[in-house]
Each structure stands twice: as structure tokens, then as C-alpha cells.
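Reading through the C-alpha cells given below for one structure.
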Amino acid sequence: MYIRKAVIPVAGWGTRSLPATKNIPKEMLPIYNKPVVQYVVEEAIKGGIQDVVFVSNRDKKVIEDHFDYNGQLERILEASGKTELLKAVRDVAEMVNIISVRQKRALGLGHAVLCARDIVRGDDAFAIMLGDDLMFGMNPGIGQLLEVARSENKSVIGVVEVPQEEVKRYGIISGTEQAPGVFKVNSLVEKPEVSKAPSRMAIIGRYVLTPHIFDHLEKTGPGKGGEIQLTDALQGLADNQGLLAVKIRGMRFDAGNWAEYLTANIYFALQDPDLHDELVQRLKPLLPYAKEAEKIELPRKVE
Ligand code: G1P
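The opening residue of the sequence shown carries number 1 in the working numbering; numbering runs sequentially from there.
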């Protein structure tokens, strides 16, 4: 199977991270010393992807710029002998080919993927990676899917088991396990009510799909929230060409959830030997305050 492109939709509003994302794309929020989107691109590269297709909009130009040279900055770093930093900024410009396509109207994730049709349709299959889901491990999310897609010659989506109360935040599948951790997908439903969820197996933002998905997306009308949903088009793929789901192993952070975003920051900062000891020293005295905060009774949140 010839798979060289990853589509990364980046045209979303990032309302979960407001007001931080009022004028900064959510994909550019830093996790320690790199923007969120760089972690996703690095995961793609680790999986063997060569071209990244950003489905973007007029406000997201800064994302493409991040993966380009910045001559002025490089000259300043060179002149001041900051060779390590110079290498770090150049490496980002050289890590991958960037292709950019506009999603001119925000009509949903399915529509965003459809915008990339002309760029990926010549390939046997392509990856889709959503920027909110960050995955780490020996073989991170997309690598696990690519392995199964190649060996089974089928479209594959990544899933994880989530607690009951969280099913309404995800696309949920029902499937038949055909090998440990690999399921044949029977049905999918986008963000169901708990009572209507067929399981607790949630789609996380990693997909490897054949271009058949575009035929199904073209026939997909507005679904949940009035948006064209990728999950609805995947049902067509499951019914006609077959669709597998793989339980993703490894560490995962939802960058749109403040608690997970902040934990990810600390997790990555702690990996830096220059920062580790000082950070631990500074965090330690904060923890008793965290305990106090737990005791404070907050008014119940109304949804
Ligand atoms: C999208 C998909 C949903 C999936 C989720 C994973 O929803 O529509 O099926 O479970 O990503 O993060 P979003 O979070 O963009 O609303």
C-alpha cells in the first residue's frame, strides 16, 4: 500500500482553549518548547509519512510558516553564535514537505477532509491526524495504524476505550474483534448520548483511509451539529469496502483539555535534563495547595 501523505485539518476554531486561542491558532499553543502541531508532524514522520497536507484557512498561515525557513531569525542566531537554536529552527523547516489547501467554509471535519481530495486521491491510502490528539510511545498512534493498513490492505481508524460519561465527546464504534486489539467495524455514531452509544470504543484523531472515503463524503449531508461528519462517511466505507479499528497503545493527551494540556507541558519539560531538577523543586511546594483546592466545594457546573 502506497501511503505517503498525512492530512492535518487545522481550520477549527479552538473554542475549548479560549481566550488563549482568540488570535493564536490552537495548533500553535506550545507544549513545553514546541507548538502542538509540531508534535503531530513529528509523529507523522516517525510513521514514515513524507508529505503533510494542512487543511487550513485565512487565519492559520502562521502554521505553514512554522515549517518554513525564517531567514531573518536565522541570520540573527548565526551572528550571535547560537548554533543549537539555529539548528532547532532550521530542522523544523526541513522536517517535511508541506502542502496547503484552504477550507473556505467551516462545514465540519468531513468537509475539511474532502478539501484535500485532489491532493491525495492518486495514492492508495492516506493518513488523517487531528491536532488535538497527541500520542506518544515507541510506535505512536499513526505508526500502529499504518502497520495494520498495510498488512490487511484496508482502511483503519484508531480507537481507545473511554469512560461512560465521555462517550458523548467522541465518534463511537461497534465492532467485532478479529485479532487482539483489531476490530472489524460494524457501525459508527458521532457523539451519541450515553444511552444510545453502542460501546465505549471512541475514535481518536488517527485514521488511515483509502480514497473511497471521498465517494462517501460527497454523499454525506450535514449530521451531528449540522456539520458534515467524517464519522458518517466512515459508515459508507465500513459497509462497502470494509473498515478496521485498532486499539491504540501508548500515552495520549487531549491538547484541547486544559488539565491534559498542562500535564503534557510538565511531562515534556521533565524530560529535559537541564530543567528537570529545578522544575521538580518548584512544583513540590505547589502540591499542598492543590490538596487544599480539592477541599473547596465548587458550585455544580450546569451543562
Ligand atoms: C472529531 C471526530 C470524532 C472523534 C474526535 C477525536 O471530533 O468528529 O468522531 O472522536 O474528533 O478527537 P471533534 O473533537 O473534532 O469535535
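Note that beta-carbon positions come from the ideal geometry of N, C-alpha and C, so glycine has one too.
None of the values given here were measured: they were computed from a predicted structure.
The beta carbon of leucine 217 sits closer than 6 angstroms to those of Gly110, Leu114 and Ala233, all from its chain and outside the five residues before and after it, given in chain order. Taking C-beta separations shorter than 6 angstroms and ignoring five residues to either side along the sequence, the partners of alanine 197 in its chain run Val167 and Ile172, following chain order.
Looking at the DSSP output, lysine 154 bridges to nothing.
The beta carbon of serine 17 is closer than 7 angstroms to those of Lys26, Leu29 and Gly256 in its chain, skipping five residues each way along the sequence.
Scanning its chain for C-beta atoms nearer than 6 angstroms, with the 5 sequence neighbours on each side dropped, one finds around proline 35 the residues Met28, in chain order. Of all C-beta pairs linking the region 134 to 142 to the region 202 to 210, three or more are shorter than 8 angstroms, placing the two stretches in contact. Counting every other CB atom within 10 Å of its CB across the protein chains shown gives isoleucine 49 a total of 16 or more, marking it as buried. Unbroken alpha helix (DSSP H) stretches of 4 residues or longer found wholly inside the region 26 to 80: 36 to 46, 61 to 66 and 71 to 79, given in chain order. Relative to the ligand G1P, the nearest heavy atom lies less than 8 angstroms away from the CB of lysine 191. For leucine 230, the shortest separation between its Cβ and any heavy atom of the ligand G1P lies below 8 angstroms. In its chain, beyond the 5 residues on either side, Gly242 and Leu244 have a beta carbon closer than 6 angstroms to the beta carbon of lysine 154. For isoleucine 248, the shortest C-beta to heavy atom distance toward the ligand G1P is 8 angstroms or greater. Residue state for proline 9 is assigned as strand, using DSSP reduced to three classes.
Under the DSSP assignment, asparagine 97 falls in the beta strand (DSSP E) whose first and last residues are 97 to 102. The Cβ neighbour count for proline 9, taken over all protein chains shown within 10 Å, is at least 16; the residue is labelled buried. Assignment of asparagine 240 by DSSP, reduced to helix, strand and coil, places it in the helix class. In this model, phenylalanine 126 and leucine 287 are separated by some 44 angstroms (Cα to Cα). Residue pairing for methionine 135: DSSP places it in a beta bridge opposite Arg252. Secondary structure of glutamate 177 (DSSP, three-state): strand.
When C-beta atoms of the region 175 to 182 are compared with those of the region 95 to 107, fewer than three pairs fall below 8 angstroms, so the two segments do not count as touching. Note that the C-beta distance between alanine 20 and glutamine 103 is not below 9 angstroms.
Here valine 162 carries a coil assignment [DSSP, helix/strand/coil].
Checking the 8 angstroms criterion, the Cβ of glycine 226 is out of range of every heavy atom belonging to the ligand G1P. Measuring C-alpha to C-alpha distances from isoleucine 213 to each of Gly47, Ile128 and Arg200 identifies Ile128 as the nearest. Secondary structure note for arginine 282: its alpha helix (DSSP H) is the uninterrupted segment 273 to 283.
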